[in-house]
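Residues in the sequence shown are numbered consecutively from 9, following the working numbering. See below for the structure under consideration.
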Amino acid sequence: MAKTAIKTITRLKRQVRVRKKVRGTTARPRLNVFKSARHIYAQIIDDTNGTTLVAASTLSDAAEGLTNTGNLTAATLVGKEVARLALAKGISSVVFDRNGFLYHGRIKALADSARESGLNF
9 MAKTAIKTIT RLKRQVRVRK KVRGTTARPR LNVFKSARHI YAQIIDDTNG
59 TTLVAASTLS DAAEGLTNTG NLTAATLVGK EVARLALAKG ISSVVFDRNG
109 FLYHGRIKAL ADSARESGLN F
């Protein structure tokens, strides 16, 4: 089996294990992060109602000036944008769901910039 397939399978196992415990409520929704090789996505989800409250990514208008959308700078920008949108909607506290990815690199940069912008988790 290829090394990338093994990495994907282990990430999905981590995702299932974490999602058993991490639930977003109306009072404290879940900040979900997904990264691909070219982009990074973040959304705030209310699992009780099954709705996405806020979403930001490197495909949105805020990241229009970036030449490379798959690096730490882009992740920092997405973290600031999702925090700005959440605070505008009155969401100040969230549960962080790293979606099976290791808390390192782009995931950590997004989380740190969201915290610095005023989101609590």
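For every residue, glycine included, the Cβ atom is placed at its ideal position computed from N, Cα and C. Quick caveat: nothing in here was measured; it's all calculated off a predicted structure.
Contiguous beta strand (DSSP E) elements confined to the stretch 11 to 72 occur at 38 to 43, 48 to 54, 59 to 65, taking only those with 3 or more residues. For Ala83, the closest of Ser101, Val26, Ala96, Ala64 by C-alpha to C-alpha distance is Ala64. Burial check for Asp105: the Cβ neighbour count within 10 Å reaches 16 or more, so the residue is buried. Taking the CA atoms as reference points, Leu74 sits about 11 Å from Ser68. Gln51 and Val62 have their C-alpha atoms some 6 Å from each other. C-alpha of Gly98 to C-alpha of Arg19: approximately 32 Å in a straight line.
Residue environment: Ser121 is assigned as buried (16 or more neighbouring CB atoms within 10 Å of its CB, all protein chains considered). In the DSSP assignment, Val103 falls within the unbroken beta strand (DSSP E) covering 103 to 105.
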